[in-house]
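Note that the sequence shown covers residues 900 to 1288 in my numbering.
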Amino acid sequence: MEPVLLVRYAEIHLKGLNRPYFERSLMKRISLALRPLPVRVVREQGRVFVFDIPEAAMDEAADKLTRVFGIHSVSPALAVEKDWDAIVSAAKLLVGRRIEGLSEASFKVIARRADKRFFMRSQDICRTLGGLLLEPFDRLRVDVHEPDFYVGVEVRQEQTFLFAEERMGAGGMPVGTNGHAMLLISGGIDSPVAGHMIAKRGVRISAVHFYSYPYTSERAREKVIELTRILSGYAGEVSLYLVPFTEIQLAIYEKCPKSETTVLMRRLMMQIAERIAQNCGAQALVTGESIGQVASQTVESLTVTNDAVSLPVFRPLIGFDKEEIVTRAKAIGSYETSILPYEDCCTVFVPQHPVTRPKLEDIRRSEALVDFAPMIETAIAATEQLLIE
Ligand code: ATP
Ligand code: MG
């Protein structure tokens, strides 16, 4: 009897040639998520099995896999010989653990016989095993319609797998199967959620953050690193680029119309983010913007921001209310860090009366008041790169 994790993935995207690629990526993501455990990841007929996990690490390993994109669900399972007595004792062991501390529980058995040579048919396994499980546990009853839990039995070519628990996974697609994007990450609530949503579609994420030391503190920087670390719990390793932005921000503040500072700042951030994206092979930019949330996120402002770059800009939160974003931030575990009160470079320089309907020609004219090109080069040259995992 050997403990193993049984991983289910959604097969819906798996047409033709895509399938082996998807499966290989998923297996790689599973190994990476469980590092440094030297696990053995095996694929068999629409399932992935993870062997060689020490018993004591099982629970945490299963939990980690629920955050790996591409996984539909995970079951801590037992692998046994294709022998009826072995199947029954493993089922009893799992059920005993599953109902520990419960005064009563209902269950049913669901059997799948991938190996048609096995001497019992699925229906017979369900019925016979169900009956045998009632014997030692008097708190247990069968409910075939709405059971509290089910005992899964999968008879496969080499072994039989049993489980009594199924933990829902994150869904989506394995990171790395859908290109590479550059997330503009602030210390706020929105951008980590935006990064999570894009990573969930299988996109590898790099991140860029602009800081304005000494107007922003060391702790604001630590906060962004921590948010990136939380994101990397889902997205795998993330390269974080930290760009010094003070010189540009001061130039905007001193030389351009005050009401336009935020929009100009957003355009310059986008231009630098695009340059860094191109340098590291990212094919799109990602932001946490949503329509109308602040002056710089009106339709007009977003249009003016877009004009600064030619890479596509993905804004997965575009139609979300703040409340919906907060709910997601809490669910992924970034919220508590995002609300720590350290200054962001945007908040330091916000104008009192920002334009809400900037005109492209006006903004371009204001931007031309300053020769930003050398400042952009300086900022990129002084950019620090951290690998967060
Ligand atoms: P967030 O909660 O993500 O900070 P926000 O509602 O505060 O968003 P803004 O400050 O206008 O909105 O920023 C909009 C988007 O611009 C952010 O979601 C992020 O993608 C990007 N951004 C803002 N500030 C920075 C920064 N200092 N470094 C990198 N990206 C930033
Ligand atoms: Mg912000």
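Here a beta-carbon is modelled for each residue, glycine too, at the ideal position from N, C-alpha and C. Predicted, not measured: the structure shown is a model, and the values here were computed from it.
What separation, rounded to the nearest whole angstrom, lies between the Cα atoms of residue i and residue j?
i	j	result
V1162	A1106	21 Å
L1031	K991	9 Å
F921	E1242	41 Å
A976	P1215	36 Å
R1020	V1074	38 Å
G1029	V1050	9 Å
S1005	E1045	8 Å
F1109	G1068	33 Å
R1120	A1278	16 Å
E887	C1025	The shown model of the chain, from 900 to 1288, leaves out residue 887, and the question about it has no answer.
H1252	D1206	22 Å
L931	E901	22 Å
L1033	I998	12 Å
Y1338	P1240	The shown model of the chain, from 900 to 1288, leaves out residue 1338, and the question about it has no answer.
T1255	Y1133	35 Å
L1082	I1238	19 Å
S1265	L904	59 Å
A978	M1169	52 Å
T959	I1262	First, the residue type needs correcting, since residue 959 is Glu and not Thr in the sequence shown. So the two alpha carbons sit approximately 52 Å from each other.
S1131	F1018	46 Å
R1066	L1126	25 Å
Less than 8 Å between the CB of residue i and some heavy atom of ligand 1, yes or no?
i	result
E1188	yes
D1220	no
H1095	no
I1084	yes
G1087	yes
R1165	yes
M1081	no
Q944	no
S1116	no
Q1192	yes
M1067	no
Q1196	yes
S1158	no
Y1110	yes
S1005	no
T1161	yes
F1144	yes
S1090	yes
V1107	yes
M926	no
M957	no
V1203	no
M1072	no
Segments of 4+ residues assigned as alpha helix (DSSP H) that fall wholly inside the region 1083-1148 | Counting only runs of 4 or more, we get 1089-1099 and 1117-1134.
Sequence ranges, beta strand (DSSP E) only - wholly within the region 952-996, length at least 3 = With a minimum length of 3 residues, the continuous beta strand (DSSP E) runs that stay inside the region 952-996 are 970-979.
Is it true that the region 1157-1172 meets the region 1188-1201, where meeting means three or more beta-carbon pairs spaced less than 8 Å apart?
-> yes
Give, in chain order, every unbroken run of the alpha helix (DSSP H) that is at least 4 residues long and sits entirely within the region 1226-1256.
-> 1234-1237 and 1244-1247
Assess, as a yes-or-no matter, whether the region 1086-1102 is touched by the region 986-1004 under the definition of 3 or more beta carbon pairs within less than 8 Å.
-> no
Can you give, in chain order, each stretch of the beta strand (DSSP E) that sits fully within the region 1170-1219 and has at least 3 residues?
-> 1183-1185
The region 993-1011 / the region 955-967 touching (three or more Cβ pairs under 8 Å) | no
The region 1035-1045 touching the region 934-945, judged by at least three CB pairs closer than 8 Å = No contact exists between the region 1035-1045 and the region 934-945.
Could you give the uninterrupted runs of the alpha helix (DSSP H) lying entirely in the region 1016-1075, keeping only those of 4 residues or more?
-> 1021-1033
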